[in-house]
Amino acid sequence: MLQPPREFSQRKIVLIITTTVFSFSAMTNAFYLMGLAALPWYLLTAICFFIPYAFIIAEYSYAYKDKPAGINDWLKDNLSENVATIATFLWYCSYSVWLVSLSMKIWIPFSILLFGRDLTQSTLATGLNSRLFVGILSIGLICFLTWLASSSFTKVATMMIISGKLILMLFIITVASQLLLLLAPSTTVVIEAKQLIQSPNPDYQSLIGNLSFFIFSITAFGGLDTVASLVDKLSGKTNRFSRGIVISAFLVVALYFLGILLWSISIPWSTALKDQQLNLGNVMYTLMLNLGSQVGQVLHLSLANSRLLGQLFLRLNGLVFFITYLGLLSTIIYTPLKTLYHSLASKTTVPKAAYWWQATIISLLILFVSLGGKNVSQLYNQLTLMTNLSRSIPYLMIALSFGHFHKGQTEIRYLKTSLSAKVASFSVIISISIGILFTLAKPLLAGEYLTVFFLILGPLLFTTLALLILRFQQVSNK
Numbered sequence: 001m002l003q004p005p006r007e008f009s010q011r012k013i014v015l016i017i018t019t020t021v022f023s024f025s026a027m028t029n030a031f032y033l034m035g036l037a038a039l040p041w042y043l044l045t046a047i048c049f050f051i052p053y054a055f056i057i058a059e060y061s062y063a064y065k066d067k068p069a070g071i072n073d074w075l076k077d078n079l080s081e082n083v084a085t086i087a088t089f090l091w092y093c094s095y096s097v098w099l100v101s102l103s104m105k106i107w108i109p110f111s112i113l114l115f116g117r118d119l120t121q122s123t124l125a126t127g128l129n130s131r132l133f134v135g136i137l138s139i140g141l142i143c144f145l146t147w148l149a150s151s152s153f154t155k156v157a158t159m160m161i162i163s164g165k166l167i168l169m170l171f172i173i174t175v176a177s178q179l180l181l182l183l184a185p186s187t188t189v190v191i192e193a194k195q196l197i198q199s200p201n202p203d204y205q206s207l208i209g210n211l212s213f214f215i216f217s218i219t220a221f222g223g224l225d226t227v228a229s230l231v232d233k234l235s236g237k238t239n240r241f242s243r244g245i246v247i248s249a250f251l252v253v254a255l256y257f258l259g260i261l262l263w264s265i266s267i268p269w270s271t272a273l274k275d276q277q278l279n280l281g282n283v284m285y286t287l288m289l290n291l292g293s294q295v296g297q298v299l300h301l302s303l304a305n306s307r308l309l310g311q312l313f314l315r316l317n318g319l320v321f322f323i324t325y326l327g328l329l330s331t332i333i334y335t336p337l338k339t340l341y342h343s344l345a346s347k348t349t350v351p352k353a354a355y356w357w358q359a360t361i362i363s364l365l366i367l368f369v370s371l372g373g374k375n376v377s378q379l380y381n382q383l384t385l386m387t388n389l390s391r392s393i394p395y396l397m398i399a400l401s402f403g404h405f406h407k408g409q410t411e412i413r414y415l416k417t418s419l420s421a422k423v424a425s426f427s428v429i430i431s432i433s434i435g436i437l438f439t440l441a442k443p444l445l446a447g448e449y450l451t452v453f454f455l456i457l458g459p460l461l462f463t464t465l466a467l468l469i470l471r472f473q474q475v476s477n478k
């Protein structure tokens, strides 16, 4: 595989990191779940988890900027080879399952772009099952993006930059529209202290509901692990990448804070989200449709033109997310395999055959899900459950290893003192541990013992497979 020139500017690096972590849909979902009360939880998550974790990743990225194996190199040097292999394999498996889900989910914004609504669950005029049709499209897309990712990293980076610019464009349009609504003479903004501590959503007013949202807010700040594994491709010999992580961390927090605040004060929660048919999958599109229509009314457009503007907002949302998902899929096809391969092999590049083997496995999983009925869907849901904890464990391992790493470094960029390193590490460990414990406790308290079983089975099964791979590698090298 050809090695691209390392010529990414600081601005492009910040754009890639920021838009990889920031999720426009997580912002709208936060408003849907908690309203203005989402802000304190996002702020708490930023202080206790995301900002400390970003500094930890920045330190590792600076020290290992030439290492292609990413988190595997970090953990191997500061914990052990076994732990590094297990964590990397858990990380890879969780992303592989997500790759199946995302490759089928991408057709929802595509359908909204073309038709103004989600037709992925509808029966086609030809009589072909829509699930199978989506599966065929997804397999074709996986093959195309595998070709793209295996050709050169430059193509992957181009996809990331394009999707990043589109997400920022959508955010700017949304913010400008919300400010226009706020400045309208008919708008009255009333913020009460109760709105910051109590969700308008009845399902999120209890302690369990609030803790559920804390876990949601942690996942909203995910993605640094993915982009950090590209440090050898993006950073070169410079300090741009580690500096970019720190800059991006604060930008992401600011984007979430501004976005949730403006959604909360420009559109009353009870008015926008009273529809019982709303869920986390469609609330973003409904909000954008309503936002466009309300902007049309403020501009004194006719009812028909206001609805047309709402459709334009909706379809713009579909276009942006279709391209964003393309960029995200390209990144996930490229990055986890790159990290896993370099952790198991000493070659400088990942062979194209490895990408096509990955594409074959993912395609078979997609076909399996597409052809299967209710039982297969349940099996896939259980497989997804198996990766829920698996994805959080590498975060925990990185935080646990940081103390040893910090002691052995002569050049530290940000967390200069031993105390600051310990505080950052401890804060991340506690946040993730709370998330893991609550993820297990919630179904346990509800009597959903099968869910708990699969949540625990996932890390145990993937750990066993990782140890078998490591053992096979050690025997082969003798």
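All residue numbers for the sequence shown refer to the numbering used here, where the first residue is 1 and numbers rise by one. We treat Cβ as the ideally placed atom computed from N, Cα and C, and that holds for glycine. Note that the structure is a prediction, hence the values are computed from the model and not measured.
Inset, instruction - Rounded to whole angstroms, what's the CA-CA distance from N129 to H406? Just pull it up for me. - result: Cα to Cα, N129 sits roughly 55 angstroms from H406.
Inset, instruction - Ignore the nearest five residues each way along the sequence and tell me which others in S217's own chain have a CB closer than 6 angstroms to its CB. - result: In its chain, beyond the 5 residues on either side, W41, Y42, T45 have a beta carbon closer than 6 angstroms to the beta carbon of S217.
Inset, instruction - Spatial neighbours of T417 within its chain, please: CB distance less than 7 angstroms, with the 5 preceding and 5 following residues excluded, ordered by chain position. - result: Excluding residues within five positions, none has a Cβ falling inside 7 angstroms.
Inset, instruction - Report all residues from its chain with a CB closer than 6 angstroms to the CB of K496; omit the five preceding and five following residues, and keep chain order. - result: Any answer about residue 496 is impossible in this case: the structure gives the chain only from 1 up to 478.
Legend entry - When P459, G259, K422, I197 are compared against C48, the one with the closest alpha-carbon: Selected option, being the one with the closest Cα: K422.
Inset, instruction - Look at the alpha carbon of G519 and the alpha carbon of S302, and state the distance between them as a whole number of angstroms. - result: Because residue 519 is not part of the residues shown, which for the chain are 1 to 478, the question remains open.
Legend entry - D225 versus L470, V320, V21, residue with shortest Cα-Cα distance: Per the Cα distances, V21.
Inset, instruction - Let me know the secondary structure DSSP gives S9 once reduced to three states. - result: For S9, the secondary structure class from DSSP, reduced to helix, strand or coil, is coil.
Legend entry - Close-in-space but distant-in-sequence residues of the same chain around Y53 (CB under 6 angstroms, 5 per side omitted): Contacts found: V428.
Legend entry - Whether L329 touches L99 by CB criterion (9 angstroms): Contact flag set, yes.
Inset, instruction - With a threshold of 16 other CB atoms inside 10 Å of the CB of T19, please say whether the residue is buried or exposed. - result: Counting every other CB atom within 10 Å of its CB across the protein chains shown gives T19 a total of 16 or more, marking it as buried.
Inset, instruction - Please report how far the alpha carbon of F214 lies from the alpha carbon of L251, in whole angstroms. - result: Going by the C-alpha atoms only, they are around 20 angstroms apart.
Legend entry - Beta-carbon proximity of L33 to S264, cut-off 9 angstroms: Not closer than 9 angstroms, so no.
Inset, instruction - Report yes if the CB atom of S150 is closer than 9 angstroms to the CB atom of V350, and no otherwise. - result: With respect to the 9 angstroms criterion, S150 and V350 are classified as neighbours on the basis of their beta carbons.
Inset, instruction - Write down the C-beta distance between L287 and T28 rounded to the nearest angstrom, noting that I regard them as a contact closer than 8 angstroms. - result: Right, their Cβ atoms sit about 5 angstroms apart.
Inset, instruction - Please confirm whether I172 and L316 have their CB atoms less than 9 angstroms apart. - result: It is not a contact, given that the beta carbons lie outside the stated cut-off.
Inset, instruction - Tell me whether the beta-carbon of G70 lies closer than 9 angstroms to the beta-carbon of L230. - result: Inclusion of G70 and L230 in the CB contact set at 9 angstroms is warranted, their separation being smaller than that value.
Inset, instruction - Could you tell me how far apart the beta carbons of A228 and S61 are, in whole angstroms, since I believe they sit closer than 8 angstroms? - result: Rounded, the Cβ-Cβ distance is 6 angstroms, consistent with contact.
Legend entry - Close beta carbons around R240, own chain, < 6 angstroms, minus the five adjacent residues each side: These residues qualify, in order along the chain: Q10, I13.
Inset, instruction - Taking only the alpha-carbon atoms, compute the straight-line gap between N210 and S199 and give it to the nearest angstrom. - result: Taking the straight line joining both Cα atoms gives about 9 angstroms.
Inset, instruction - Following the continuous alpha helix (DSSP H) through I47, name the residue where it begins and the one where it ends. - result: In the DSSP assignment, I47 falls outside any alpha helix (DSSP H), carrying neither H nor E.
Legend entry - Residues near F8 by beta carbon distance below 6 angstroms, same chain, minus five either side: Once the five neighbours on either side are set aside, the close Cβ partners of F8 are L234.
Legend entry - Cα-Cα separation, A359 to S431: Approximately 34 angstroms between the Cα atoms of the pair.
Inset, instruction - Would you grab the beta carbon distance between V480 and T387 for me? Rounded to a whole angstrom, and I think it's under 8 angstroms. - result: Any property of residue 480 remains undetermined from this structure, which presents the chain solely from 1 to 478.
Legend entry - Alpha-carbon to alpha-carbon, L79 and Q474: About 18 angstroms.
Legend entry - Cut-off 7 angstroms between Cβ atoms - residues of its own chain near R413, not counting five sequence neighbours on either side: Only A58, E59, Y62, S242 meet the Cβ criterion.
Inset, instruction - Rank G135, I112, T88 by C-alpha distance to the C-alpha of I102 and give the top, closest one. - result: With the sequence shown as reference, residue 102 is identified as Leu, and Ile is not the correct amino acid for it. With respect to the C-alpha of L102, the residue from G135, I112, T88 having the closest C-alpha is G135.
Legend entry - Nearest-angstrom Cα separation, counted from F50 out to I245: Rounded to the nearest angstrom, the two C-alpha atoms are 11 angstroms apart.
Inset, instruction - Starting from the C-beta of K155, find all residues in its chain whose C-beta is less than 6 angstroms away, skip the five residues before and the five after it, and write them out in chain order. - result: If we look at K155 and ignore the five residues flanking it on each side, its Cβ neighbours are L148.
Inset, instruction - Specify the secondary structure class of S152 as computed by DSSP and reduced to three states. - result: Of the three classes helix, strand and coil, the one that applies to S152 here is strand, per DSSP.
Legend entry - Spatial distance of S206 from Q378 (CA atoms): Spanning the alpha carbons of S206 and Q378 requires a straight line of approximately 29 angstroms.
Inset, instruction - Please state whether DSSP places G292 in a helix, a strand or coil. - result: The answer is helix: DSSP assigns G292 an H, G or I state.
Legend entry - Residue of V253, K105, L344 minimising C-alpha distance to N282: Minimum Cα-Cα distance from N282 among the listed residues V253, K105, L344 corresponds to K105.
Inset, instruction - Assign T464 to buried or exposed, taking buried as 16 or more other Cβ atoms, counted over all protein chains shown, within 10 Å of its Cβ. - result: T464 comes out exposed.
Legend entry - Residue range of the unbroken alpha helix (DSSP H) whose run includes R240: Where R240 is concerned, the enclosing alpha helix (DSSP H) starts and stops at 240 to 266.
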